[in-house]
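Counting in numbering that gives the first Met the number 0, the sequence shown tops out at residue 70, every number present.
Every residue, glycine too, gets a C-beta built ideally from N, C-alpha and C.
Note that the structure is predicted; figures quoted are calculated from it, not measured.
One structure below.
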Amino acid sequence: MDLLQLLQERAIPLTLFATLGLFSFMFAFALYKSKPRLSKGLVTMGMSLSFLLLLISVASFVFTVFLGYNS
């Protein structure tokens with residue numbers, strides 16, 4: 000199948016995963032910028048959670064595009 004056709008068929012899940020990844024990246028960037036004002040433990044926990052969500056989002060995105068439902 001053509002990659003563009005796969006993206007069109009799975010637009011809604013891909014949009015959700017891309018949005019989750021974007022918000023996760025923005026949260027990590029905001030934590031990085033406000034690092035001096037926050038405690039080290041809070042920044043570490045927030046960054047870990049943010050990157051975990053980012054990895055889950057990327058893995059779900061790839062799974063949906065290449066191994067998702069067959070139509």
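Residue 67 (DSSP reduced to helix, strand or coil): Assigned with DSSP and collapsed to three states, residue 67 falls in coil, not helix or strand.
So residue 12 is in the alpha helix (DSSP H); what residue range does that whole segment cover? Here the alpha helix (DSSP H) through residue 12 covers 10-32.
With a Cβ-Cβ cutoff of 8 angstroms, do residue 16 and residue 60 count as a contact? Less than 8 angstroms divides the Cβ of residue 16 from the Cβ of residue 60.
Quick check on DSSP: helix, strand or coil for residue 3? DSSP places residue 3 within a helical segment (H, G or I) once states are collapsed to three.
Give me, in chain order, the residues of the same chain whose beta-carbon lies closer than 7 angstroms to that of residue 9; leave out the 5 immediate sequence neighbours on both sides. Excluding positions up to five away in sequence, the list reads 63, 64 and 67.
Compute the distance between the beta-carbons of residue 56 and residue 20, then report whether it is under 8 angstroms. The answer is yes: Cβ separation under 8 angstroms.
With DSSP collapsed to three states, give me the class of residue 37. In the three-state reduction of the DSSP assignment, residue 37 falls in the coil class.
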